[in-house]
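Chains as they are written, first to last, in this note's numbering: chain A, 8 to 317; chain B, -3 to 486.
Following this line, the structure appears as structure tokens:
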């Protein structure tokens, strides 16, 4: 099949005319509306934000751009506060995505092994991910409030922690991380569960017949077969984790002592509190670059795995 | 006058009634204790009805007066024939929408809740000068401009150019000392013996005494209330407000001539003074106060502190006086005392958080004139009194005459139908020029505010000393002011 698709254009090559002389093909005409919409919603804003990052944006009397070259970018590179926010983002990313993967796989395996009430359990487990993140933030703030919060009260009664959860640097960071883990672990569980359901049962049964223990089957058969699915799950969550915003905004707003001011919070603050839109555009583009690099990394791993499998 | 051709008999009678009511009200108010010297302003139905059929958009913070007006807009509609659509938002969201509206040039909002520091100072160029409308012979004038509390008229309404008036004072929340009267009374004798001073707030009460009272209650009265004091020390605007009272009390300030920078605003506030010894002393005192307070204070903004106070978690704190409306409906109703904040070595300072309402200069002139009718009406004595009585409102009048009305005077003692009036003595003391606390009204305030509350939050978390905190804040202020100036350079 591959040979055919490569040869066909070669055979027709002598008959090809330059694009302008040929006019717009039927396919291109059909694609044009979609391309125009894509340009309007994606390409134009992307170019616009690049121009913003190279300008000083003024709001009074209508938006105007003053060209400042790479000033915003050099400020970004030399801004310690931004680097600290990136560091916090990385710590948050490792903790939240790591915990979500670990717990999500564990929950999916447990549900997969459950024979009775599986649908009800699955529905209950998936519930947090159907909530809007802003609601999760409000709920988290309510539950951790030191005056009437259930979790604050439980921690105090058990003697585990008697300070204000969102008022101290370490506990606030842990709390907002766990709120994200609570909401998005079900997504990982769902993806893994889908992967488990599509696994060939015969292979697992054969291994079991051969006397392989549960852990041996998990290590040598299940996880390797799930690795493609796991990378997709990791990719989805990683891209989301870099943009984590709603819950922090509704709970700590970056505090205390900047302990939860990860990069999206700093971006928002720069753009919509200080209205320093040129600099905010540079921060936003740096986030986009990191997300693209990360996505490419995961896709490369995925493609490598596919290559090995074929 | 062409519109009169289409007026039905019923409408004509209604307008005549509204006109008569509008004419009668000023007289009624002055008879109730207003200035009494002022002749009633002639109000014709023509000048109020000339924009009938217009729809205005009013963007406001979700505050008591707006809730009250939104719940009872009928008097304005009857008077003018103008409809008003309300957008009530949290302040940060409001600032974003207003800034983007000014930038877009669309003029989606005709009337703007113009926070003096976050809207008026940075965007005054896009706000109409109200004198234009007040001087227009075809439009109704402001009824007795001098009736507005003078410091508030300047702080909420002006920016740099004192001949221009950008906004009329609309609300006036001010930080005052709220304390549990019942607990203070119960332990008054013992506290006096142990501490050597009367714990009840007085003119001579100091922040040092506030600390000692808080400490005493924590040690000796935790059965009544777990903590002596609470603070709104979350990394938030509230932390700047709470801290500034102590900063000013200890002689520190944000800029030289700080009261003028706060009252009239400045384009060039000069070098920040936060690294001066007085400012550092203020920061040290504030850290000391928070160290003895409820540990959750570092997670509370004003709403969090109010909830904790109402839940009986703390015996006292510095809180916005408009929270009295909620407090007097809670389980501690009738048990709370209100006083001016303690003093430091320099003075007592009480942060003023009032705001004016302004007209968006981007909108067409006819709509601006219609908006003027609303701004004028919404800040009139009748509307402020109505807001004060409103079950959904509980506003904070900005006109002096309201507080002199017999029914308002009568409400100054509990049980009160107008709980915010219980704070009258405290706020009037707080609003005197020597006691009022006015943060800098400068274009860079949004960023400076973030700098100061972030550095303070770091200090309270123990990651830096008060000295480092103030030095870093000063550096942050300088950077922010420089960037704001660059953004405004034409």
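Even glycine gets a Cβ: it sits at the ideal position worked out from N, Cα and C.
List the residues of chain A whose Cβ lies closer than 9 Å to the Cβ of residue i, in chain order.
i	result
residue 309 of chain B	153 and 154
residue 230 of chain B	173, 174, 259, 260, 262 and 263
residue 442 of chain B	280, 281 and 282
residue 291 of chain B	153, 169, 170, 171, 174 and 175
Does the beta-carbon distance from residue i to residue j come in below 7 Å?
i	j	result
residue 347 of chain B	residue 237 of chain B	yes
residue 294 of chain B	residue 171 of chain B	no
residue 98 of chain B	residue 261 of chain B	no
residue 232 of chain A	residue 216 of chain A	no
residue 266 of chain A	residue 180 of chain A	yes
residue 129 of chain B	residue 368 of chain B	yes
residue 154 of chain A	residue 173 of chain A	no
residue 173 of chain B	residue 228 of chain B	no
residue 143 of chain B	residue 400 of chain B	no
residue 299 of chain B	residue 415 of chain B	no
residue 364 of chain B	residue 124 of chain B	yes
residue 357 of chain B	residue 52 of chain B	no
residue 182 of chain A	residue 453 of chain B	no
residue 289 of chain B	residue 225 of chain B	yes
residue 253 of chain A	residue 156 of chain A	no
residue 270 of chain A	residue 92 of chain A	yes
To the nearest angstrom, report how far apart residue i and residue j are at their CA atoms.
i	j	result
residue 116 of chain A	residue 200 of chain A	7 Å
residue 31 of chain B	residue 284 of chain B	Reliability of the predicted coordinates at residue 31 of chain B is poor, the pLDDT of 38 falling under 50, and the value obtained from them is presented with this limitation in mind. Rounded to whole angstroms, residue 31 of chain B to residue 284 of chain B spans 46 Å at the Cα level.
residue 487 of chain B	residue 127 of chain B	Nothing in the structure corresponds to residue 487 of chain B, since chain B is present only between -3 and 486.
residue 261 of chain A	residue 217 of chain B	35 Å
residue 183 of chain B	residue 336 of chain B	21 Å
residue 6 of chain B	residue 73 of chain B	Caution applies to residue 6 of chain B, whose pLDDT of 44 falls short of 50 and renders its modelled position unreliable; the value that the coordinates give is listed next. Their Cα atoms are separated by approximately 16 Å.
residue 265 of chain B	residue 436 of chain B	8 Å
residue 447 of chain B	residue 344 of chain B	24 Å
residue 205 of chain B	residue 362 of chain B	57 Å
residue 184 of chain A	residue 210 of chain B	34 Å
residue 70 of chain A	residue 278 of chain A	14 Å
residue 305 of chain B	residue 202 of chain A	52 Å
residue 81 of chain B	residue 242 of chain B	40 Å
residue 406 of chain B	residue 151 of chain B	29 Å
residue 323 of chain B	residue 329 of chain B	6 Å
residue 339 of chain B	residue 153 of chain B	28 Å
residue 43 of chain A	residue 240 of chain A	31 Å
residue 218 of chain A	residue 119 of chain A	20 Å
Output, in chain order, the set of chain A residues within a Cβ distance shorter than 8 Å of residue i.
i	result
residue 437 of chain B	Chain A residues near residue 437 of chain B: none, gap ~17 Å exceeds 8 Å.
residue 454 of chain B	264 and 265
Residues of chain A with a CB under 7 Å from the CB of residue i: which are they?
i	result
residue 214 of chain B	By Cβ distance, chain A contributes nothing, its closest Cβ being about 14 Å from residue 214 of chain B, past 7 Å.
residue 459 of chain B	264
residue 101 of chain B	69
residue 479 of chain B	283
residue 285 of chain B	Here the premise fails: no neighbours, minimum Cβ distance about 15 Å.
residue 92 of chain B	279
Figure out for me which residue from the options has the closest Cα to the Cα of residue i.
i	options	result
residue 245 of chain A	A:103, A:54, A:224 and A:75	A:103
residue 238 of chain A	A:36, A:73, A:311 and A:257	A:311
residue 119 of chain B	A:260, A:65 and A:295	A:65
residue 167 of chain B	B:482, B:440 and B:374	B:374
residue 443 of chain B	B:135, B:75, B:418 and B:480	B:480
residue 138 of chain B	B:165, B:106, B:50 and B:269	B:165
residue 215 of chain B	B:62, B:46, B:417 and B:186	B:186
residue 64 of chain B	B:135, B:386 and B:188	B:386
residue 85 of chain A	A:166, A:290 and A:300	A:290
residue 97 of chain A	A:298, A:234 and A:235	A:298
Check for me: the beta strand (DSSP E) holding residue i runs from which residue to which?
i	result
residue 81 of chain B	79 to 85
residue 259 of chain A	First-last for residue 259 of chain A: undefined, no H or E at that position.
residue 170 of chain B	From DSSP, residue 170 of chain B is part of no beta strand (DSSP E); its letter is neither H nor E.
residue 52 of chain B	51 to 57
residue 62 of chain A	62 to 65
residue 353 of chain B	351 to 355
So residue i is in the alpha helix (DSSP H); what residue range does that whole segment cover?
i	result
residue 380 of chain B	377 to 385
residue 73 of chain A	Here residue 73 of chain A belongs to no alpha helix (DSSP H); instead the beta strand (DSSP E) covers 71 to 74.
residue 398 of chain B	396 to 400
residue 441 of chain B	441 to 456
residue 156 of chain B	Per DSSP, residue 156 of chain B belongs to no alpha helix (DSSP H) and is neither H nor E.
At 8 Å on the CB atoms, spell out the chain B contacts of residue i, in chain order.
i	result
residue 208 of chain A	By Cβ distance, chain B contributes nothing, its closest Cβ being about 51 Å from residue 208 of chain A, past 8 Å.
At a CB-CB cut-off below 7 Å, which residues of chain B make contact with residue i?
i	result
residue 66 of chain A	95, 98 and 99
**Report entry** Chain-ordered residues of the segment 107 to 125 of chain B with a beta carbon less than 7 Å from chain C
**Finding:** This model lacks chain C altogether, as its protein chains are A and B.
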